[in-house]
Structures are given as C-alpha cells and as structure tokens.
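What follows is a short report on a single structure.
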Amino acid sequence: MRALPVESPPGWITRWNQISRRLRKQLSDRYTDAGLSESRASVLAALDGPTRHATQADLAAVLLISESNLCGLVERMRVEGLIERDRSPLDRRKTVLTLTSLGRTRCEVVRQIHEEFEQSLRIALPRPELSLDQASLNGLSVALTSLEAVRPESGSQERSAA
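Right under this line is the structure:
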C-alpha cells in the first residue's frame, strides 16, 4: 500500500481517519483469525470492565450504536453462549448483560489480540518520539467530549452492529 503524505489535504483529520481505518482493518483481520467479528470483540471488550456487566442501554452508549442495532447482536451472542441476559436486581424492568464462562474465555482472546497488536505497533513505530501513550489518547478523548457537548451527535447512534 502506498503511503500518503502526513499532511494530505485537507489536513491531519483526513490522515487520522485513514490510519484509523487501517488500524480497524488490522484488528478485524486478527479477530477473524480468532473466529470473532469486530462487533463481537467490541461487546466482549466493553463487558470486560471492573463490573463485568452492563445494561443494554449502557453498552449501546459505550459502543456508540443504537440499542436497536445492539439488540440483534446481543441475541446472537446469547445464542452462541458468549453472554447472558438477567433481570437487574436493582430495577426488574431492566436486563443486565454479563459474560458467560465461554464469553470470558473469548474475552481473554480479545485482550491478547489487543496486547500483541499494541506491542507490534510500538516496535514498528519509526521514531522513539512517536508514542502511543494513554495521556495523548486521553487528551484527544477529552477534546472530542468537549466538541460533542457543543455539537450533539447526529446519526452516529444508528451505525450498524452486524
């Protein structure tokens, strides 16, 4: 693949978007090799937090997809034995999603894919001053959050989760 100049028009956002797509493609290929889709890997990783459970609404918000798009994916993952749905003990109207034993095993695979890929990227970085540190990523996340507060998302909640 031919590399584009860093400052390709209209600027660094275009380049960032290109790099993001390449990153997702690399991860997607690794997920496929492990028998997972990007969507399933995203759900597994999201449920791998400290609480290890989430409502469907909370999970949809984390994944930036609509609850209706998430619903079908959750059902397929439930049938596959990766997650289970239980009534919330705090609010019986809500369901809570948790990883099954198989889901936790597959989640470990996702974690390993992420760790190995991150390590490969760190080794392949062309210069030591280029780093993939959490402070930079957190700074970008804060900037995006402030922009989202000024300009509410339009339509991004409707991305497909197939």
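The opening residue of the sequence shown carries number 68 in the numbering used here; numbering runs sequentially from there. Glycine included, C-beta positions come from ideal geometry on N, C-alpha and C.
Expressed to the nearest angstrom, what Euclidean distance is found between the alpha-carbon atoms of residue i and residue j?
i	j	result
Thr162	Gln123	7 Å
Asp153	Asp125	15 Å
Ser166	Arg119	Sequence check: residue 166 is Leu here, not Ser. Answer to the nearest angstrom: the Cα atoms are 7 Å apart.
Ser106	Pro156	27 Å
Ser135	Ile86	29 Å
Leu211	Arg143	32 Å
Ser104	Leu94	10 Å
Leu90	Leu204	15 Å
Pro117	Ala191	31 Å
Ala108	Arg160	27 Å
Arg218	Leu140	29 Å
Val209	Arg178	24 Å
Asn84	Lys92	12 Å
Glu215	Gly206	14 Å
So, at 8 Å on beta carbons, what are the nonlocal neighbours of residue i in its own chain, with the 5 sequence-adjacent residues on each side left out?
i	result
Ala121	Ala113, Leu114, Val129, Val163 and Leu164
Cys174	Leu111, Ala112, Leu114, Asp115 and Leu166
If you drop the 5 nearest sequence neighbours on each side, which residues of the same chain put their C-beta closer than 7 Å to that of residue i?
i	result
Arg97	Ile180 and Phe184
Ala101	Val176 and Ile180
Leu169	Gly148 and Leu149
Ala127	Ser133, Glu134 and Leu137
Give me the DSSP bridge partner(s) of residue i.
i	result
Arg152	Leu164
Ala121	Leu164
Using a Cβ-Cβ cut-off of 6 Å (strictly less than) and excluding sequence neighbours within five positions of residue i, which residues of its own chain qualify?
i	result
Arg189	none
* Segment contact, 8 Å Cβ cut-off, at least three pairs: the region 80 to 91 with the region 143 to 157 -> no
* To do: Kindly provide the ranges of any beta strand (DSSP E) runs that are 3 or more residues long and lie completely inside the region 159 to 190, ordered along the chain.
  => 162 to 166
* Length-filtered (4 minimum) alpha helix (DSSP H) runs lying within the region 99 to 144 -> 105 to 113 and 123 to 130
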